[in-house]
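Following the working numbering, the residues of the sequence shown are numbered contiguously, the last one being 263.
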Amino acid sequence: MRVFRSFVVAAGLGAALLACSTTPPSNEQMLQQAGFKAIPIKTPAQQASFQGMTPHQLTRTTYKGKAVWVYPDRDYCGCLYIGNSAARSAYMKHAYSLLVGEAATNKLEDDPYWPTAEMNSLDWDAWGDPEAYGLYVN
(Lines of atoms letter the chains of each structure in order from A and count residues from 1; the text may use other names and numbers.)
(Lines give C-alpha, C1' and ligand atoms only; values in the text may rest on other atoms or scores of the structure.)
Protein backbone atom coordinates (compact mmCIF):
# COMPACT_ATOMS: atom_id res chain seq x y z
CA MET A 1 0.00 0.00 0.00
CA ARG A 2 2.87 2.34 0.79
CA VAL A 3 4.40 1.86 -2.65
CA PHE A 4 1.07 2.70 -4.27
CA ARG A 5 0.71 5.84 -2.14
CA SER A 6 4.25 6.95 -3.07
CA PHE A 7 3.45 6.39 -6.73
CA VAL A 8 0.27 8.48 -6.47
CA VAL A 9 2.13 11.29 -4.71
CA ALA A 10 4.91 11.24 -7.32
CA ALA A 11 2.37 11.26 -10.16
CA GLY A 12 0.53 14.15 -8.54
CA LEU A 13 3.72 16.17 -8.17
CA GLY A 14 4.64 15.43 -11.78
CA ALA A 15 1.22 16.60 -12.95
CA ALA A 16 1.52 19.76 -10.87
CA LEU A 17 4.93 20.55 -12.34
CA LEU A 18 3.62 19.90 -15.83
CA ALA A 19 0.71 22.27 -15.22
CA CYS A 20 3.12 25.00 -14.09
CA SER A 21 5.26 24.82 -17.22
CA THR A 22 5.79 28.08 -19.05
CA THR A 23 4.93 26.90 -22.55
CA PRO A 24 3.39 29.87 -24.34
CA PRO A 25 0.00 29.31 -25.93
CA SER A 26 -0.18 28.78 -29.67
CA ASN A 27 -1.65 31.40 -31.98
CA GLU A 28 -4.68 29.18 -32.45
CA GLN A 29 -5.28 28.92 -28.71
CA MET A 30 -4.92 32.68 -28.31
CA LEU A 31 -7.33 33.31 -31.21
CA GLN A 32 -9.96 31.05 -29.64
CA GLN A 33 -9.49 32.63 -26.22
CA ALA A 34 -9.91 36.07 -27.80
CA GLY A 35 -13.25 35.14 -29.34
CA PHE A 36 -12.35 34.00 -32.85
CA LYS A 37 -14.44 31.13 -34.24
CA ALA A 38 -12.90 28.30 -36.28
CA ILE A 39 -14.80 27.81 -39.54
CA PRO A 40 -14.10 24.48 -41.27
CA ILE A 41 -13.45 24.47 -45.02
CA LYS A 42 -16.22 22.36 -46.57
CA THR A 43 -16.79 23.25 -50.24
CA PRO A 44 -14.44 23.45 -53.24
CA ALA A 45 -15.24 27.18 -53.55
CA GLN A 46 -14.21 27.71 -49.92
CA GLN A 47 -11.05 25.68 -50.51
CA ALA A 48 -10.12 27.79 -53.55
CA SER A 49 -10.69 31.02 -51.63
CA PHE A 50 -8.79 29.63 -48.64
CA GLN A 51 -5.76 28.74 -50.79
CA GLY A 52 -5.61 32.32 -52.09
CA MET A 53 -5.25 33.78 -48.58
CA THR A 54 -1.93 34.50 -46.91
CA PRO A 55 -1.53 31.79 -44.25
CA HIS A 56 -1.05 32.67 -40.58
CA GLN A 57 -1.77 36.36 -41.02
CA LEU A 58 -4.60 38.40 -39.54
CA THR A 59 -6.33 40.26 -42.34
CA ARG A 60 -9.21 42.71 -42.22
CA THR A 61 -12.03 42.06 -44.68
CA THR A 62 -15.75 42.68 -45.05
CA TYR A 63 -18.44 40.04 -44.56
CA LYS A 64 -22.13 40.92 -45.02
CA GLY A 65 -21.28 44.61 -44.76
CA LYS A 66 -19.36 44.27 -41.47
CA ALA A 67 -15.65 44.46 -40.83
CA VAL A 68 -14.20 41.12 -39.73
CA TRP A 69 -10.74 39.73 -39.16
CA VAL A 70 -9.69 36.39 -40.65
CA TYR A 71 -6.75 34.11 -39.92
CA PRO A 72 -6.27 31.22 -42.37
CA ASP A 73 -4.63 28.27 -40.64
CA ARG A 74 -3.47 25.65 -43.12
CA ASP A 75 -1.21 23.72 -40.76
CA TYR A 76 -3.03 23.28 -37.45
CA CYS A 77 -6.72 22.83 -38.25
CA GLY A 78 -7.05 23.58 -41.96
CA CYS A 79 -9.73 26.11 -41.06
CA LEU A 80 -10.42 29.82 -41.13
CA TYR A 81 -10.58 31.72 -37.85
CA ILE A 82 -12.97 34.65 -38.03
CA GLY A 83 -13.60 37.37 -35.46
CA ASN A 84 -14.74 40.93 -35.01
CA SER A 85 -12.68 43.96 -34.01
CA ALA A 86 -13.16 43.26 -30.30
CA ALA A 87 -11.76 39.75 -30.75
CA ARG A 88 -8.79 41.15 -32.66
CA SER A 89 -8.13 43.72 -29.93
CA ALA A 90 -8.24 41.01 -27.26
CA TYR A 91 -5.86 38.85 -29.31
CA MET A 92 -3.43 41.72 -29.87
CA LYS A 93 -3.45 42.70 -26.17
CA HIS A 94 -2.68 39.11 -25.16
CA ALA A 95 0.06 38.76 -27.78
CA TYR A 96 1.59 42.08 -26.71
CA SER A 97 1.55 41.09 -23.03
CA LEU A 98 3.36 37.84 -23.91
CA LEU A 99 5.92 39.77 -25.94
CA VAL A 100 6.54 42.27 -23.13
CA GLY A 101 6.78 39.45 -20.60
CA GLU A 102 9.30 37.62 -22.74
CA ALA A 103 11.39 40.75 -23.22
CA ALA A 104 11.37 41.41 -19.47
CA THR A 105 12.71 37.93 -18.71
CA ASN A 106 15.57 38.11 -21.22
CA LYS A 107 18.97 38.93 -19.82
CA LEU A 108 20.73 41.95 -21.21
CA GLU A 109 23.90 39.92 -21.51
CA ASP A 110 22.13 37.77 -24.13
CA ASP A 111 21.60 40.83 -26.32
CA PRO A 112 24.28 40.92 -29.06
CA TYR A 113 24.25 44.73 -28.93
CA TRP A 114 24.83 44.92 -25.18
CA PRO A 115 28.39 46.14 -24.42
CA THR A 116 30.72 43.31 -23.58
CA ALA A 117 33.51 43.38 -21.02
CA GLU A 118 35.94 43.95 -23.88
CA MET A 119 34.05 47.06 -24.98
CA ASN A 120 33.84 48.34 -21.41
CA SER A 121 37.61 47.98 -20.96
CA LEU A 122 38.41 49.82 -24.22
CA ASP A 123 41.05 52.52 -23.80
CA TRP A 124 39.18 55.56 -25.10
CA ASP A 125 42.23 57.82 -24.69
CA ALA A 126 43.91 55.98 -27.55
CA TRP A 127 41.04 56.97 -29.83
CA GLY A 128 41.41 60.66 -29.22
CA ASP A 129 38.62 63.07 -28.45
CA PRO A 130 35.22 61.27 -28.51
CA GLU A 131 33.49 64.52 -29.38
CA ALA A 132 35.35 64.51 -32.69
CA TYR A 133 33.32 61.45 -33.61
CA GLY A 134 30.02 63.00 -32.56
CA LEU A 135 30.04 61.22 -29.19
CA TYR A 136 29.06 63.84 -26.66
CA VAL A 137 30.14 62.31 -23.40
CA ASN A 138 29.54 64.11 -20.10
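For each residue, glycine too, the CB sits at the ideal point set by N, CA and C.
Excluding residues up to 5 positions away in sequence, G160, K191, A192, V193 and W194 lie with their Cβ nearer than 8 Å to the Cβ of N209 in the same chain. Between the beta-carbon of L224 and that of I164 there is about 27 Å, and that puts the pair past the 8 Å contact cut. By the neighbour-count criterion, in which 16 or more other beta carbons inside 10 Å mark a residue as buried, R185 falls on the exposed side.
When DSSP reads this structure, V225 sits in no beta bridge, so it has no partner. Between A212 and K162, the alpha-carbon positions lie close to 10 Å from each other.
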